[in-house]
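Novice: Residue 49 is where the sequence shown starts when you use our numbering, and the numbers rise one by one after that.
Okay, here's the structure, questions in a sec.
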Amino acid sequence: MPSVFTRIIDGELPGRFVYTDDRCVAFLSVNPLRAGHTLVVPRLEVDHWIDLAPTEWEHLMRIAQRLAAALHRAYEPTKVGMMLAGLEVPHVHIHLVPIDGVNDLDFGNANPNPAPEDLDAAARTIRGAVEALEDV
């Protein structure tokens, strides 16, 4: 059975995408820790990051770094946190979260019911920041 992320990637479930290429995608978390909480996910369904081919891992890190720069530009946090937890969905994914303190990475603080208009606005903001970085 495909993971929920594969179903989002395949268009079976909705997702607010902020980046796509032939090897990975990035979309907003449906339970964000903070505004802009983005997941970077390989198209290839692999459960554990240690099982990814090194070239796939390197690609995910390049994209994560680029998106983190866009998040930093868009939200002006102290840092952009990056986390691999991987327990909730059996599909490799990198969490990118604009943070001002370590507590901002506590999944106990996730918003279980974000307003759709807030997620739409965050997706537009991040896509705009990615485009602005490409112009530099």
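From the three backbone atoms N, C-alpha and C, an ideal C-beta is built for every residue, glycine too.
Taking the alpha carbon of V128 as the point to measure from, which residue in L108, V150, V140 and T68 has its own alpha carbon closest?
Specialist: V150
Novice: According to DSSP, is H107 helix, strand or coil?
Specialist: Note: H107 maps to helix in three-state DSSP.
Novice: For L61, count neighbouring C-beta atoms within 10 Å of its own C-beta (all shown protein chains included) and say buried if the count is 16 or more, exposed if not.
Specialist: exposed
Novice: Hey, out of V78, H143, D95 and H139, whose CA is closest to M109's CA?
Specialist: Of the candidates V78, H143, D95 and H139, the residue whose Cα lies closest to the Cα of M109 is H143.
Novice: Taking A122 as the reference, which of D58, F53 and A180 has the closest Cα?
Specialist: It is A180.
Novice: With DSSP as the reference, label H143 as helix, strand or coil.
Specialist: In this structure, H143 counts as strand in the three-state DSSP scheme.
Novice: Would you list the residues sitting across from L76 in a DSSP beta bridge?
Specialist: T86
Novice: Check whether the region 73-81 and the region 154-165 touch, using three or more Cβ-Cβ pairs below 8 Å as the test.
Specialist: yes
Novice: I'd like to know whether the C-beta atoms of V73 and V89 end up nearer to each other than 9 Å.
Specialist: yes
Novice: Report buried or exposed for F155, applying the criterion of at least 16 other Cβ atoms within 10 angstroms of its Cβ.
Specialist: exposed
Novice: Please name the residue in A133, F53 and L81 whose C-alpha comes closest to that of D152.
Specialist: L81
Novice: Taking all protein chains shown into account, do 16 or more other C-beta atoms lie within 10 angstroms of the C-beta of G59, making it buried, or fewer, making it exposed?
Specialist: Its Cβ having fewer than 16 others within 10 Å, G59 is exposed.
Novice: Residues in the same chain with beta-carbon distance under 6 Å from A177, minus the five sequence neighbours each way, listed in chain order, please.
Specialist: Excluding the 5 residues flanking it on each side, A177 has same chain C-beta neighbours closer than 6 Å at A118, R121 and A122, in chain order.
Novice: For T126, which three-state DSSP category applies?
Specialist: coil
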